[in-house]
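Trainee:
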Amino acid sequence: MDLQNLSFKQTRHLLLDKQITAVEIANYFLARTKEIDPKIKAFITITEKEIIDQAQRIDEKIKKGEKLGKLAGAVMAVKDIFLTKGIQTTSSSQVLNGYIPQYSSSIYQKLIDEDVMIIGKTNTDPFAFGASTENSGYFTTKNPWNIEMVPGGSSGGSAAAVAADLCHFALGTDTGGSIRQPSSLCGVSGIKTTYGRNSRYGITAMASSFDCPGVFARDVEDIALVTEITAGLDPHDATTCDIEVPKYTENLKKINIKGLKIGLPKEYFTGSIDPEVKEKVLNAAKEFEKQGAILVDISLPSTDLGIAVYYILIPSEISANMARYDGIRFGQSVDGAPDIVSYYMQTRGKYMEPEVKRRILIGTYALSSGYYDAYYTKAAKVRTLIKNEFVEAFKNVDVILAPCSPTPAWKIGAKVNDPLQMYLADVYTVCINVAGVPGLALPCGFNNQNLPIGFQLIGNFFEEEKLFSLGHQFQQFTDYHQKRPQL
Amino acid sequence: MSASNKITPEELDHIAKLARIDLTDDEKKTYLPQLESVLEYLDILNKADTTNIKPTFRVNEQKNVFHQDEVKESFSQKDALSTATKTKDGYFEVVATIKK
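Just so you know, the protein sequences line up as chains A and B, in that order.
Everything in the first sequence is counted per our numbering, starting at 1 for the first residue and increasing by one.
Everything in the second sequence is counted per our numbering, starting at 1001 for the first residue and increasing by one.
#1: How many angstroms separate the CA atom of A/L451 from the CA atom of A/D426?
#2: Would you mind working out which of A/T204, A/A131, A/I262, A/G331 sits nearest A/D237, comparing C-alpha positions?
#3: Just checking, does the region 1072-1085 of chain B make contact with the region 336-343 of chain A on the three C-beta pairs under 8 Å criterion?
#4: Of all Cβ atoms in chain A, is any one closer than 9 Å to the Cβ of B/K1047?
#5: For chain B, is any of its Cβ atoms less than 9 Å away from the one on A/F330?
#6: Any beta carbon from chain A within less than 9 Å of B/T1008's own beta carbon?
#7: Hey, does A/S178 have any beta-carbon neighbour from chain B nearer than 9 Å?
#8: Pull up the CB-CB distance for A/L313 and A/R383, whole angstroms please, since I reckon it's below 8 Å.
#9: DSSP on A/N396, reduced to helix/strand/coil?
#10: Please classify B/S1002 as buried or exposed, where buried requires at least 16 neighbouring CB atoms within 10 angstroms.
#11: Which class does A/Q88 belong to by DSSP, given the choice of helix, strand or coil?
#12: In the DSSP assignment, what are the bridge partners of A/L488?
#13: I need the DSSP call for A/Y310, collapsed to helix, strand or coil.
#14: Identify which residue in A/D125, A/K121, A/D59, A/I51 has its Cα closest to the Cα of A/K357.
#15: Keeping to the same chain, check which residues put their C-beta closer than 8 Å to that of A/P419; ignore five residues upstream and five downstream.
#16: Measure how close the beta-carbons of A/D59 and A/V23 come, nearest whole angstrom, since I'm counting them as under 8 Å.
#17: So, is the C-beta of B/D1089 closer than 9 Å to a C-beta in chain A?
#18: Below 8 Å, is the gap between the Cβ of A/A131 and the nearest heavy atom of the ligand NAP?
#19: Quick one: residues in its chain with C-beta nearer than 8 Å to the C-beta of A/E48, no 5 flanking neighbours on either side, listed in chain order?
#20: Please list the residues of the region 346-360 of chain A that have a C-beta atom closer than 8 Å to any C-beta atom in chain B, keeping them in chain order.
#21: Under 9 Å between C-beta atoms, does A/Y343 make it to chain B?
#22: Within the continuous alpha helix (DSSP H) that includes B/L1032, where are the two ends?
#23: Show which residues of chain A have a CB atom less than 8 Å away from the CB atom of B/K1054.
#24: From B/A1019, B/P1009, B/K1086, pick the residue whose C-alpha is nearest to that of A/A366; which is it?
#25: Tell me, please, whether the CB atom of B/K1099 is closer than 9 Å to any CB atom in chain A?
#26: Of the choices A/L252, A/C404, A/S469, whose alpha-carbon is the least far from that of A/F269?
#27: What beta strand (DSSP E) runs, 3 residues minimum, are completely inside the region 167-254 of chain A?
#28: Just to confirm before moving on: does the CB-CB distance between A/F8 and A/A284 stay below 9 Å?
#29: For the region 157-165 of chain A and the region 213-227 of chain A, state whether three or more C-beta atom pairs, one from each stretch, are separated by less than 8 Å.
#30: So, is the C-beta of B/Q1062 closer than 9 Å to a C-beta in chain A?
#31: If I follow the unbroken beta strand (DSSP E) through A/I100, where does it start and stop?
Right, dumping it as structure tokens:
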């Protein structure tokens, strides 16, 4: 049976109707991944044993008539920065080559408890530092729509795995755009949740006041289902919020588009934006207008400061978080260092990738004596300005619509020698992280080279329900999300 | 910021030492101009008027989060040490931290 074009929901029906077994589903995805992945290199580890074991457990449950989890029949890929007990977790860095964690990240565990099957761990920029997967300490993932192009990043492996139908959905993280930008470049959907909605526990930390785990899928319906399971308070992550998680899947038609005010921030449609991206994103806005939405021109004046705020605060938090890689409790290490300081310096010098070092150096500089107020405190104040502009904007509009990336996917290698150009690729996503609000990326067309283009719907704090409802309805009156690359 | 975006080679050495990262000469040659161009870009923040603006360190309003001080199950010694580079007698082993 060809499962390629089936959503999780359709696959689950076949499983429940006993037309197919979980082991058959697992074997289908394993065979497809082994055939396709050598071309796109989305995975660092393919978890053949784990997926078959889990499938057998599910089939056993069915045989015995036991209650099945909500995700029985679903196949999931996981960004390799989520700790997975007993399964190598590299964070795509040589620092953690061979690291087998003793525990699992909270949201991964929640999904496993609902009978999901894991197909593998996906490539990313090391510790999620990057926008293309090219910084990975292993290899670069290729865009399934054109293998000469980047998939975006950092969660590029997860986005590519969904785009190539190697799983039903994939976990990622979005610290400055790392779910929405690769969603856009690979033609899939992805949610960056409100900061504090999904637990960060058991995910290698990048910037703790920014990191937002989330999920990629083809359909918003699947994203809503997964988020319904992952979201909520976690005693292991004190920044998760005790705010009720709505039944996202039951409320997909809840928001009435008629009369809905959609803000178009002018700063996101000027400057370096590619004309085709602009056209397709504005067309998406017009689709909502046809359904009765009211388009409102708005301004988020501090948008052009977002990258600078981000690339001060993020490296600062990174420099603190990366201090744990000391080569003692976990990770690779050197032999023969004469004293402990040399041991740290040689270990980190040898195993950290260049972008990891660059960000630690920038952060250490920004936090060092004499520069702290000029960089860190200043950036934290501008963060307040950016956040306040979103709060103000949501007094006048229900939701904001904007591009995810100024360009479609670019050629592998084009930006690798210029870190600043790579940083600027995040220009339309970072402010959402600086503010902490949620954003849902959705595909909305293709350029003349058949490369996908996406847009994002940005909501106020904890308004994922609204974004899912609007995204789902958009996918009822458009079919961009169903387009597949030729592989 | 902006006093000078030039990082001297000595400053880079100092930062690298603070960050506990050995850099090769080639790395220093590559990173120095890259860091300078990033720092130069960051000057854009000078145009923002932040008079009387408070810094934001966390986006949600949460303050202290408390939990009960209960004894809970934890890793076994074996599990805790399973990812260590070197162990000895049930401890993490490190190179000498104090000179004899």
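By construction, the Cβ of each residue, glycine as well, lies at the ideal position given by its N, Cα and C atoms.
Here the structure is a predicted model, which means the values were calculated and not measured.
Mentor: If we stick to the structure as given:
#1: Residue mapping note: residue 451 of chain A aligns to position 451 of the first sequence, counting from 1. Residue mapping note: residue 426 of chain A aligns to position 426 of the first sequence, counting from 1. C-alpha separation (whole angstroms): 18 Å.
#2: If you number the first sequence from 1, residue 237 of chain A lands on position 237. Among A/T204, A/A131, A/I262, A/G331, the Cα nearest to that of A/D237 is on A/T204.
#3: no
#4: To locate residue 1047 of chain B, count along the second sequence from 1; it is residue 47. Interface residue, yes.
#5: Looking up residue 330 of chain A in the first sequence gives position 330. Closer than 9 Å to some Cβ of chain B, the Cβ of A/F330 qualifies, so yes.
#6: In the second sequence, the residue the question calls residue 1008 of chain B occupies position 8. No, B/T1008 does not count as interfacial toward chain A.
#7: Your numbering for residue 178 of chain A matches position 178 in the first sequence. Answer no: the Cβ-Cβ gap between A/S178 and chain B never drops below 9 Å.
#8: Here the question's residue 313 of chain A lines up with position 313 in the first sequence. Here the question's residue 383 of chain A lines up with position 383 in the first sequence. Right, the Cβ-Cβ distance comes to about 7 Å (below 8 Å), so this counts as a contact.
#9: The count along the first sequence starts at 1 and reaches residue 396 of chain A at position 396. In this structure, A/N396 counts as helix in the three-state DSSP scheme.
#10: Here residue 1002 of chain B corresponds to residue number 2 of the second sequence, with the count starting at 1. Here B/S1002 scores only 46 on pLDDT, less than 50, and its place in the model should not be relied on; the value that follows carries that caveat. Label assigned to B/S1002: exposed.
#11: Stepping through the first sequence from its first residue, residue 88 of chain A is reached at position 88. Residue state, collapsed to three classes: coil.
#12: With chain A covering only 1 through 487, there is no way to say anything about residue 488 of chain A.
#13: Walking along the first sequence from the start, residue 310 of chain A turns up at place 310. Three-state result, A/Y310: helix.
#14: By 1-based counting over the first sequence, the position of residue 357 of chain A is 357. Nearest of A/D125, A/K121, A/D59, A/I51 to A/K357, Cα basis: A/D125.
#15: Translated into positions along the first sequence, residue 419 of chain A becomes position 419. So the qualifying residues of the chain are E355, R358.
#16: Within the first sequence, the letter at position 59 stands for residue 59 of chain A. Within the first sequence, the letter at position 23 stands for residue 23 of chain A. Sure, about 6 Å apart at Cβ, within 8 Å.
#17: For this step, residue 1089 of chain B is matched to residue 89 along the second sequence. So no, B/D1089 is outside the interface.
#18: With respect to the ligand NAP, the structure shown offers nothing to examine, as it has no ligands at all.
#19: Taking the first sequence and counting its residues from 1, the one referred to as residue 48 of chain A is at position 48. Excluding residues within five positions, the ones whose Cβ falls inside 8 Å are L30.
#20: Q346, R348, G349, K350, M352, P354, K357, R358, I360
#21: As a position in the first sequence, residue 343 of chain A is number 343, starting the count at 1. Cβ-Cβ to chain B under 9 Å: yes for A/Y343.
#22: As a first step, residue 1032 of chain B must be located in the second sequence, where it is residue number 32. Segment 1025-1042, the alpha helix (DSSP H) holding B/L1032.
#23: Here residue 1054 of chain B refers to the residue found at position 54 when the second sequence is read from its first residue. Near B/K1054 (Cβ distances below 8 Å), the residues of chain A are K381, T384.
#24: To locate residue 366 of chain A, count along the first sequence from 1; it is residue 366. Selected option, being the one with the closest Cα: B/A1019.
#25: Taking the second sequence and counting its residues from 1, one reaches residue 1099 of chain B at position 99. For B/K1099, the answer is yes, since a Cβ of chain A falls inside 9 Å of its Cβ.
#26: Position 269 of the first sequence holds residue 269 of chain A. Nearest C-alpha to A/F269: A/C404.
#27: 169-173, 189-192, 213-217
#28: For the purposes of this step, residue 8 of chain A is identified with residue 8 of the first sequence, where counting begins at 1. For the purposes of this step, residue 284 of chain A is identified with residue 284 of the first sequence, where counting begins at 1. No.
#29: yes
#30: Counting from 1 along the second sequence, the entry for residue 1062 of chain B is found at position 62. Answer yes: the Cβ-Cβ gap between B/Q1062 and chain A drops below 9 Å somewhere.
#31: To locate residue 100 of chain A, count along the first sequence from 1; it is residue 100. It is not in any beta strand (DSSP E) - A/I100 carries neither H nor E in the DSSP assignment.
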